[in-house]
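Below you'll find the structure, written out as C-alpha coordinates, and then a few comments.
In full-length UniProt numbering, the protein residues as written are 1 to 181.
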(Lines of atoms letter the chains of each structure in order from A; the text may use other names.)
(Lines give C-alpha, C1' and ligand atoms only; values in the text may rest on other atoms or scores of the structure.)
Protein backbone atom coordinates (compact mmCIF):
# COMPACT_ATOMS: atom_id res chain seq x y z
CA UNK A 1 0.00 0.00 0.00
CA UNK A 2 2.83 2.40 0.84
CA UNK A 3 4.39 1.77 -2.56
CA UNK A 4 1.03 1.88 -4.37
CA UNK A 5 0.32 5.30 -2.89
CA UNK A 6 3.92 6.37 -3.61
CA UNK A 7 4.52 7.34 0.02
CA UNK A 8 7.77 7.48 1.95
CA UNK A 9 7.84 5.55 5.20
CA UNK A 10 9.94 7.83 7.39
CA UNK A 11 9.47 6.32 10.87
CA UNK A 12 8.43 3.03 12.38
CA UNK A 13 7.34 4.35 15.79
CA UNK A 14 6.99 1.66 18.45
CA UNK A 15 5.07 2.24 21.67
CA UNK A 16 7.03 -0.37 23.66
CA UNK A 17 8.98 -3.62 23.68
CA UNK A 18 7.08 -6.54 25.15
CA UNK A 19 7.03 -10.29 24.87
CA UNK A 20 3.33 -10.55 24.08
CA UNK A 21 3.92 -9.33 20.55
CA UNK A 22 6.77 -8.97 18.10
CA UNK A 23 7.30 -5.76 16.19
CA UNK A 24 7.45 -5.62 12.42
CA UNK A 25 9.97 -2.78 12.46
CA UNK A 26 12.89 -4.96 11.37
CA UNK A 27 10.96 -6.30 8.40
CA UNK A 28 9.80 -2.80 7.43
CA UNK A 29 13.41 -1.59 7.52
CA UNK A 30 14.39 -4.37 5.11
CA UNK A 31 11.65 -3.28 2.70
CA UNK A 32 12.11 0.48 3.26
CA UNK A 33 15.81 0.93 4.13
CA UNK A 34 15.54 4.69 4.69
CA UNK A 35 12.91 4.25 7.41
CA UNK A 36 14.10 4.94 10.96
CA UNK A 37 12.96 2.76 13.85
CA UNK A 38 11.78 4.69 16.91
CA UNK A 39 11.58 3.55 20.53
CA UNK A 40 11.76 4.91 24.07
CA UNK A 41 15.28 5.34 25.43
CA UNK A 42 14.03 3.52 28.55
CA UNK A 43 12.93 0.39 26.67
CA UNK A 44 16.25 -1.42 26.64
CA UNK A 45 15.72 -2.06 22.93
CA UNK A 46 17.73 -0.93 19.91
CA UNK A 47 16.41 1.66 17.47
CA UNK A 48 17.66 4.37 15.14
CA UNK A 49 15.95 7.04 17.24
CA UNK A 50 15.59 6.73 21.02
CA UNK A 51 13.04 9.13 22.47
CA UNK A 52 12.61 10.80 25.84
CA UNK A 53 9.58 12.56 27.27
CA UNK A 54 8.52 15.60 25.26
CA UNK A 55 10.53 14.80 22.13
CA UNK A 56 8.64 15.81 18.99
CA UNK A 57 8.95 13.61 15.91
CA UNK A 58 8.54 15.80 12.83
CA UNK A 59 7.73 14.53 9.37
CA UNK A 60 6.71 16.83 6.59
CA UNK A 61 3.99 19.10 8.03
CA UNK A 62 3.04 16.63 10.77
CA UNK A 63 4.40 16.02 14.25
CA UNK A 64 3.94 13.62 17.15
CA UNK A 65 4.86 14.43 20.73
CA UNK A 66 6.33 11.47 22.61
CA UNK A 67 5.15 11.13 26.20
CA UNK A 68 6.85 8.56 28.39
CA UNK A 69 4.10 6.49 30.01
CA UNK A 70 5.82 3.70 31.98
CA UNK A 71 3.82 1.22 34.00
CA UNK A 72 2.99 -1.52 31.52
CA UNK A 73 6.75 -1.55 30.81
CA UNK A 74 9.51 0.93 31.67
CA UNK A 75 9.77 1.95 28.03
CA UNK A 76 6.17 2.71 27.11
CA UNK A 77 5.49 5.75 24.96
CA UNK A 78 2.27 7.49 24.01
CA UNK A 79 2.39 9.52 20.80
CA UNK A 80 0.20 12.65 20.75
CA UNK A 81 -0.88 14.53 17.65
CA UNK A 82 -2.08 17.89 18.93
CA UNK A 83 -3.03 19.05 15.42
CA UNK A 84 -5.32 16.06 14.87
CA UNK A 85 -6.41 15.80 18.53
CA UNK A 86 -5.46 12.15 18.97
CA UNK A 87 -3.15 9.93 21.01
CA UNK A 88 -1.66 6.54 20.16
CA UNK A 89 -1.40 4.84 23.54
CA UNK A 90 0.04 1.42 22.73
CA UNK A 91 -0.76 -0.92 25.63
CA UNK A 92 -0.67 1.81 28.28
CA UNK A 93 -4.34 2.69 27.83
CA UNK A 94 -6.68 0.26 26.11
CA UNK A 95 -10.35 0.79 25.41
CA UNK A 96 -12.09 0.19 28.75
CA UNK A 97 -8.89 -1.28 30.14
CA UNK A 98 -5.13 -0.85 30.33
CA UNK A 99 -1.96 -2.86 29.89
CA UNK A 100 -1.12 -5.63 32.31
CA UNK A 101 1.53 -5.04 34.95
CA UNK A 102 2.37 -8.55 36.15
CA UNK A 103 5.66 -9.06 34.25
CA UNK A 104 8.48 -7.29 32.35
CA UNK A 105 8.86 -4.14 34.50
CA UNK A 106 5.14 -3.74 35.14
CA UNK A 107 4.19 -1.30 37.90
CA UNK A 108 0.50 -0.74 38.65
CA UNK A 109 0.98 2.44 40.64
CA UNK A 110 3.16 3.99 37.95
CA UNK A 111 0.70 2.95 35.23
CA UNK A 112 -2.21 4.60 37.06
CA UNK A 113 -0.21 7.78 37.58
CA UNK A 114 0.99 8.00 33.96
CA UNK A 115 -2.45 7.34 32.46
CA UNK A 116 -3.99 10.07 34.60
CA UNK A 117 -1.13 12.59 34.24
CA UNK A 118 -0.17 12.13 30.60
CA UNK A 119 -3.20 10.76 28.76
CA UNK A 120 -6.40 11.55 30.64
CA UNK A 121 -5.06 15.09 31.13
CA UNK A 122 -5.52 15.69 27.40
CA UNK A 123 -8.73 17.50 26.36
CA UNK A 124 -11.83 15.30 26.49
CA UNK A 125 -12.34 15.32 22.72
CA UNK A 126 -8.94 13.78 21.94
CA UNK A 127 -9.31 10.42 20.20
CA UNK A 128 -7.53 7.44 21.77
CA UNK A 129 -6.03 4.73 19.55
CA UNK A 130 -4.63 1.78 21.54
CA UNK A 131 -2.07 -0.72 20.27
CA UNK A 132 -4.75 -3.40 20.22
CA UNK A 133 -7.98 -4.31 21.87
CA UNK A 134 -9.28 -7.74 22.62
CA UNK A 135 -12.92 -6.88 21.87
CA UNK A 136 -12.43 -5.54 18.34
CA UNK A 137 -12.73 -1.88 19.29
CA UNK A 138 -10.21 0.45 17.68
CA UNK A 139 -10.95 3.97 18.92
CA UNK A 140 -12.23 5.78 21.99
CA UNK A 141 -11.85 9.27 23.46
CA UNK A 142 -10.40 10.77 26.59
CA UNK A 143 -13.93 11.63 27.78
CA UNK A 144 -15.18 8.06 27.21
CA UNK A 145 -12.26 6.50 29.06
CA UNK A 146 -12.63 8.88 32.00
CA UNK A 147 -16.30 7.95 32.27
CA UNK A 148 -16.47 4.29 31.26
CA UNK A 149 -13.07 2.66 31.85
CA UNK A 150 -13.84 0.39 34.83
CA UNK A 151 -10.23 0.31 36.01
CA UNK A 152 -9.58 4.03 35.79
CA UNK A 153 -12.72 5.22 37.55
CA UNK A 154 -11.23 3.66 40.69
CA UNK A 155 -8.78 5.27 43.12
CA UNK A 156 -5.12 4.19 43.16
CA UNK A 157 -5.52 1.52 45.86
CA UNK A 158 -8.56 -0.03 44.17
CA UNK A 159 -6.80 0.05 40.79
CA UNK A 160 -3.71 -1.66 42.24
CA UNK A 161 -5.89 -4.39 43.74
CA UNK A 162 -7.70 -4.98 40.44
CA UNK A 163 -4.40 -5.23 38.56
CA UNK A 164 -2.98 -7.65 41.14
CA UNK A 165 -5.98 -9.96 40.73
CA UNK A 166 -6.37 -10.13 36.93
CA UNK A 167 -5.01 -13.71 36.83
CA UNK A 168 -4.04 -13.54 33.16
CA UNK A 169 -2.06 -16.33 31.51
CA UNK A 170 1.47 -15.49 30.41
CA UNK A 171 1.97 -14.78 26.71
CA UNK A 172 3.35 -17.62 24.61
CA UNK A 173 6.33 -15.48 23.55
CA UNK A 174 7.39 -14.45 27.08
CA UNK A 175 10.84 -16.01 26.67
CA UNK A 176 11.51 -14.60 23.21
CA UNK A 177 14.30 -12.16 22.53
CA UNK A 178 12.96 -9.12 20.74
CA UNK A 179 15.34 -6.78 18.95
CA UNK A 180 14.90 -3.54 17.10
CA UNK A 181 17.19 -1.96 14.56
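Cβ atoms here follow ideal geometry from the backbone N, Cα and C, with glycine treated the same way. The model shown is predicted, which means the values in this text are computed figures rather than measured ones.
Beta-carbon gap between residue i and residue j smaller than 8 Å
i	j	result
residue 128	residue 92	no
residue 25	residue 71	no
residue 50	residue 58	no
residue 39	residue 9	no
residue 112	residue 64	no
residue 106	residue 16	no
Reduced DSSP secondary structure (H/G/I, E/B, other) of residue i
i	result
residue 47	coil
residue 143	helix
residue 11	strand
residue 103	coil
residue 171	coil
residue 32	coil
residue 97	strand
residue 56	strand
residue 24	coil
Buried/exposed call for residue i, threshold 16 Cβ in 10 Å
i	result
residue 60	exposed
residue 14	buried
residue 94	buried
residue 115	buried
residue 3	exposed
residue 134	exposed
residue 148	exposed
residue 77	buried
Inter-residue Cα distance where the pair is residue i and residue j
i	j	result
residue 52	residue 123	22 Å
residue 146	residue 104	27 Å
residue 137	residue 126	16 Å
residue 139	residue 11	22 Å
residue 154	residue 121	16 Å
residue 18	residue 67	18 Å
residue 165	residue 69	22 Å
Residues sharing a beta bridge with residue i, DSSP
i	result
residue 130	90
residue 80	65, 87
residue 190	A query on residue 190 cannot be resolved here, the shown segment of the chain reaching from 1 to 181 and no further.
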